[in-house]
Amino acid sequence: MNIAFIAAEVAPWSKTGGLGDVCGALPIALAASGAHRILTVSPRYKDYPDVVDTGVRVQLHLFGQNHEVRFFRAVKSASPNCHHLFVDHPSFRRAGIYGDSNGAYGDNLFRFALLSRAGIEAAALVPLFGAPASNGGPASLEEARFPLGEDVVFHVNDWHTALVPLYLEALYRPAGRFRRAGTVLGIHNAGHQGNFAAHQFPGLDISSRWWPQLDMNGELNLLKTGAVLADKLIAVSPNYAREICGELGFGLGGIFSARGRDLLGIVNGVGEDWNPATDPHIAANFSADDLSGKALCKRALQRELGLAERDVPILAVIARLDPQKGVDLLMQALPWLMQHDLQLVILGSGNKALEQQMREMEWTYPDKARGWVGFNEALAHRIEAGADLFLMPSRFEPCGLNQIYSMRYGTVPVVHATGGLADTVETLDPSRDRGTGWAFRHFDVQPFIDALGWSLLTWWRFPDAWRAMQQRGMRSDWSWERSAERYEAVYAEVLSLRA
Ligand code: ADP
Numbered sequence: 280m281n282i283a284f285i286a287a288e289v290a291p292w293s294k295t296g297g298l299g300d301v302c303g304a305l306p307i308a309l310a311a312s313g314a315h316r317i318l319t320v321s322p323r324y325k326d327y328p329d330v331v332d333t334g335v336r337v338q339l340h341l342f343g344q345n346h347e348v349r350f351f352r353a354v355k356s357a358s359p360n361c362h363h364l365f366v367d368h369p370s371f372r373r374a375g376i377y378g379d380s381n382g383a384y385g386d387n388l389f390r391f392a393l394l395s396r397a398g399i400e401a402a403a404l405v406p407l408f409g410a411p412a413s414n415g416g417p418a419s420l421e422e423a424r425f426p427l428g429e430d431v432v433f434h435v436n437d438w439h440t441a442l443v444p445l446y447l448e449a450l451y452r453p454a455g456r457f458r459r460a461g462t463v464l465g466i467h468n469a470g471h472q473g474n475f476a477a478h479q480f481p482g483l484d485i486s487s488r489w490w491p492q493l494d495m496n497g498e499l500n501l502l503k504t505g506a507v508l509a510d511k512l513i514a515v516s517p518n519y520a521r522e523i524c525g526e527l528g529f530g531l532g533g534i535f536s537a538r539g540r541d542l543l544g545i546v547n548g549v550g551e552d553w554n555p556a557t558d559p560h561i562a563a564n565f566s567a568d569d570l571s572g573k574a575l576c577k578r579a580l581q582r583e584l585g586l587a588e589r590d591v592p593i594l595a596v597i598a599r600l601d602p603q604k605g606v607d608l609l610m611q612a613l614p615w616l617m618q619h620d621l622q623l624v625i626l627g628s629g630n631k632a633l634e635q636q637m638r639e640m641e642w643t644y645p646d647k648a649r650g651w652v653g654f655n656e657a658l659a660h661r662i663e664a665g666a667d668l669f670l671m672p673s674r675f676e677p678c679g680l681n682q683i684y685s686m687r688y689g690t691v692p693v694v695h696a697t698g699g700l701a702d703t704v705e706t707l708d709p710s711r712d713r714g715t716g717w718a719f720r721h722f723d724v725q726p727f728i729d730a731l732g733w734s735l736l737t738w739w740r741f742p743d744a745w746r747a748m749q750q751r752g753m754r755s756d757w758s759w760e761r762s763a764e765r766y767e768a769v770y771a772e773v774l775s776l777r778a
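Following this line, the structure appears as structure tokens:
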């Protein structure tokens, strides 16, 4: 199959959260079998050192004029069947991906409509693949003569690229192009929908008869158009696929529900970059069979953060500081937590008021708490490796990756039982040797404190049960391969529908 991922973020080149992780890892997992040709298309936000100009340019008409975009390319040597294209245009080259300290960029509709159009064109235009070798082996990269082609599945992601199915219907298929192309909308977060004022509609360069596909209470809603027009909708966990049919669809619940036959959930996997046995960022590597390296990582983390090197539980949070993540619930639980002999580490950035609360927390409890404001990938790895407990009291969480990274690193998660958190974390049941953490049901401070209480009691009093729980989490199969197989089945179905 030919599969083109079009996304606002593809790690490691661009990432603000889980979207970037998924669009970095899933294409590679799909390419691993050698059975498919895979392409990712994302913006060239800055100069990436490993990326070269393909020389291909295309003019796209949007907002009343032509815009030239250029395509740059990268291929990771470990994954030759997966090509990465980067759309170059001045509007992408800014400090932030979606906005800066003044808020979201005012031309985001233009920027992501441009990405969507460029992604479609890339599949047809940019020569990437060589002729198959005569021995049936992989094509030579030097002979990049063939584009992905028009018989393709476009896997688009969140509102940023949800215009792709609309553009196919409105511009390309009427012109006889991409007739057999299928579309899959990946729903990583239905809380962000791409809402824009109706007066911007003419800028999209499509007939006004498509307005109803975009209209949500008199505004443009890009996620809606994807939800209505994509052949299949894939939420990032089965539980989240159910939840978005109701309140967590944030106004689109009725549409998701009506698309129920075409909506499913597939839990994200974890890439090899989050493997404690090989992680280059951490003080010592370790595995489920030999956890001794984890103790060294804990000491190293305490030293790095200026915390006493004592055998107390370290509780950690790594998150975008957004009301979604429930950091406010943690702040409510703070006075209770700080009565105990423990250490708390929070790494996060985003909401300015929450950043300030993190700083105040550190001033108030200098011996026990650290609030690291900023985005720091290497520190995130060291925290996962060194902490004992990982807290995710999210209001809602489509899949969540950090609780999975935590389980891989023997760091026991305490989560709100919502979305993918409920699908991935099972509450400890020592009588049956089951469970990998704690998942509390009601989003409120007391249930959260109760779960924290159980977790701390277990850490202090029942080290054997703790270790068994760590090992169950570490030995679970969190690989992308398992999820990639499920995606493959959906792509095959989409192509058969369009054949
Ligand atoms: P979301 O996509 O809602 O942000 P996920 O749990 O799915 O949440 O993914 C978050 C990803 O972003 C993880 O890889 C996490 O480690 C990373 N991350 C979030 N905030 C930071 C930060 N301040 N520094 C480093 N990594 C971060």
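In short: position in the sequence shown from 1, add 279, done, that's our numbering. Every residue gets a Cβ at the ideal spot worked out from N, C-alpha and C, and that includes glycine.
Not one heavy atom of the ligand ADP lies closer than 8 Å to the C-beta of tyrosine 688.
Tryptophan 642 is not bridged by DSSP to any residue. Counting only residues of its own chain and dropping the five nearest sequence neighbours on each side, methionine 686 has a CB closer than 6 Å to the CB of Thr715, Gly752. Between the alpha carbons of leucine 621 and alanine 763 lies a distance of about 39 Å.
Close CB contacts of alanine 392 within its chain, under the 7 Å cut and outside five residues either way in sequence, are with Leu341, Leu442, Leu483 (chain order). Here leucine 594 is not near proline 672, since their CB atoms are 9 Å or more apart. Excluding its 5 nearest sequence neighbours in each direction, tryptophan 757 has C-beta neighbours in its own chain below 8 Å: Gly548, Val549, Ile683, Met686, Arg687, listed in chain order. No Cβ-Cβ contact shorter than 9 Å links leucine 404 with cysteine 361. Inclusion of phenylalanine 654 in the 8 Å shell around the ligand ADP follows from its C-beta lying nearer than that to a non-hydrogen atom of the ligand.
Fewer than three beta-carbon pairs drawn from the stretch 650-664 and the stretch 534-545 are found closer than 8 Å, and the two stretches are therefore not classed as touching. At least one heavy atom of the ligand ADP lies closer than 8 Å to the C-beta of tyrosine 684. Restricted to the stretch 554-615, the alpha helix (DSSP H) segments that are unbroken, complete and at least 4 residues in length are 571-584, listed in chain order. Leu508 is the residue among Leu508, Asp332, Tyr519, Glu641 whose C-alpha sits nearest the C-alpha of leucine 447.
Contact annotation: alanine 730 and tryptophan 738 have beta-carbon atoms that are not nearer than 9 Å. Between the C-alpha atoms of asparagine 681 and leucine 407 there is a straight-line separation of about 34 Å. Aspartate 552 and alanine 290 have their C-alpha atoms some 11 Å from each other. CA-CA distance, alanine 449 to isoleucine 485, rounds to 6 Å. As the crow flies, the alpha-carbon of glycine 528 is around 28 Å from that of valine 431. For leucine 586, the number of other beta carbons within 10 angstroms of its own is at least 16, and it is reported as buried.
Around the beta carbon of arginine 661, 16 or more other beta carbons sit within 10 angstroms, so the residue counts as buried.
Residue nearest to serine 628 within the set Val337, Leu735, Leu493, Val606 is Val606 (criterion: CA-CA distance). Distance from the C-beta of aspartate 300 to the nearest heavy atom of the ligand ADP is below 8 Å. Under the DSSP assignment, lysine 503 falls in the alpha helix (DSSP H) whose first and last residues are 501-508.
Listed in chain order, the alpha helix (DSSP H) elements of length 4 or more contained wholly in the stretch 443-508 are 443-446, 490-493, 501-508. Within the same chain, Ala587, Glu588, Arg589, Ile593, Gln622, Gly665 come within 8 Å of glutamine 581 by CB-CB distance, once the 5 residues on both sides are set aside. For arginine 372, the three-state secondary structure derived from DSSP is coil. For serine 734, the shortest separation between its Cβ and any heavy atom of the ligand ADP does not lie below 8 Å. With a cut-off of 8 Å, the C-beta of lysine 631 is classified as distant from the ligand ADP, since no heavy atom of the ligand falls inside that distance. Counting only the Cα atoms, phenylalanine 722 lies some 21 Å from histidine 471.
For the pair glutamate 634 and glutamine 338, the Cα-to-Cα distance works out to about 42 Å. Taking a cut-off of 8 Å for Cβ pairs, the stretch 463-478 and the stretch 508-522 touch, as three or more such pairs fall below it. In the structure shown, the three-state DSSP call for histidine 660 is helix. One alpha carbon belongs to leucine 499, the other to proline 709, and they sit about 51 Å apart. In this structure, proline 677 has its beta carbon less than 8 Å from a heavy atom of the ligand ADP.
Of the other Cβ atoms in all chains shown, fewer than 16 fall within 10 Å of the Cβ of serine 571; this residue is therefore exposed. By the neighbour-count definition (other C-beta atoms within 10 Å, threshold 16), glutamate 639 is an exposed residue.
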